[in-house]
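Undergrad: In the numbering used here, the protein residues as written are 360 to 567.
Below are the structure tokens for one structure; questions will follow.
Laid out in structure tokens, this is it:
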């Protein structure tokens with residue numbers, strides 16, 4: 360009985376991984392359930408045992424990604440006041456988790472960053488993920504403000520918009536390698552990219 364449950368769970372994860380890759384590479388509209396089951400070498404009945412529809416499998420993978428990303432951002436929530444150096448280290452930890460998640464889940468991040476604009480329900484889920492990420496960053500910044508770690512006049516919600524824009528921009532260029540600016544990133548290690556991104560987040564162009 361236990362082995363049967365484990366096999367079913369393994370099969371479900373296999374279907375999720377294959378569907379995710381096909382959605383990212385072929386597009387959601389151009390991927391049929393028959394494509395997913397053919398690559399998994401299972402019947403359509405097996406697919407419907409685990410998922411109600413193609414939309415359902417996509418929503419499940421997006422929700423799983425949302426939870427992991429938000430868990431990474433919550434690392435930066437402070438309970439006590441720390442100095443700028445410790446804040447930078449904390450922010451680097453957040454970015455490291457997110458970039459490593461993106462490196463391990465490139466197809467999922469492609470869907471989150473590029474969206475699925477032809478599918479209103481799925482796009483609403485993508486928008487929810489980005490909204491939740493922004494809210495989590497704002498919560499971290501608001502807490503830092505309460506602990507007098509930031510300028511008292513900053514707007515946490517606006518700062519969160521800036522952080523999200525920085526994160527999305529660098530992630531997209533690093534992950535997809537499609538723009539000329541991405542060539543600059545390819546000459547640096549992931550750790551160097553994270554360090555430079557966080558330095559810019561805290562100190563800007565002039566490093567002050």
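A virtual CB, placed ideally from N, CA and C, is assigned to each residue, including glycine.
Treat the numbers as computed from the prediction; the structure is a model and nothing was measured.
Taking 8 Å as the threshold (C-beta atoms), are residue 381 and residue 394 in contact?
TA: yes
Undergrad: Could you spell out the range, first to last residue, of the alpha helix (DSSP H) harbouring residue 491?
TA: 479–505
Undergrad: Would the segment 519–539 count as touching the segment 466–481 if we require 3 or more Cβ pairs under 8 Å?
TA: yes
Undergrad: Rank 424, 520, 438 and 535 by C-alpha distance to the C-alpha of residue 506 and give the top, closest one.
TA: When C-alpha distances from residue 506 are compared across 424, 520, 438 and 535, the shortest belongs to 438.
Undergrad: Among 420, 451 and 419, which one has its Cα closest to the Cα of residue 553?
TA: 451
Undergrad: Let me know the alpha helix (DSSP H) ranges lying completely inside the segment 399–434, each 4 residues or longer, listed in chain order.
TA: 403–409 and 413–432
Undergrad: Report the CB separation of residue 488 from residue 425 in whole angstroms; it is logged as a contact under 8 Å.
TA: So it is a contact: roughly 5 Å between Cβ atoms.
Undergrad: Counting only the same chain and skipping the five closest in sequence on each side, list residues whose C-beta sits under 8 Å from that of residue 502.
TA: In chain order, 436 and 437 place their CB closer than 8 Å to the CB of residue 502, counting only its own chain and leaving out the 5 sequence neighbours on each side.
Undergrad: Counting C-beta neighbours from all protein chains within 10 Å, is the total for residue 413 16 or more, i.e. buried, or is it exposed?
TA: Flag for residue 413 reads buried.
Undergrad: Identify whether residue 514 lies in helix, strand or coil by the three-state DSSP scheme.
TA: coil
Undergrad: For residue 495 and residue 415, what's the separation of their Cα atoms in angstroms?
TA: 26 Å
Undergrad: Pull up the distance between the alpha-carbon of residue 407 and that of residue 472, whole angstroms please.
TA: 28 Å
Undergrad: Determine the contact status of residue 456 and residue 434, defining contact as a CB-CB distance below 8 Å.
TA: Less than 8 Å separates the beta-carbon of residue 456 from that of residue 434.
Undergrad: In the DSSP assignment, find the alpha helix (DSSP H) that holds residue 449 and state where it starts and stops.
TA: 443–463
Undergrad: What is the residue span of the alpha helix (DSSP H) that residue 556 lies within?
TA: Segment 549–562, the alpha helix (DSSP H) holding residue 556.
Undergrad: Let me know the secondary structure DSSP gives residue 473 once reduced to three states.
TA: Correct three-state label for residue 473: helix.
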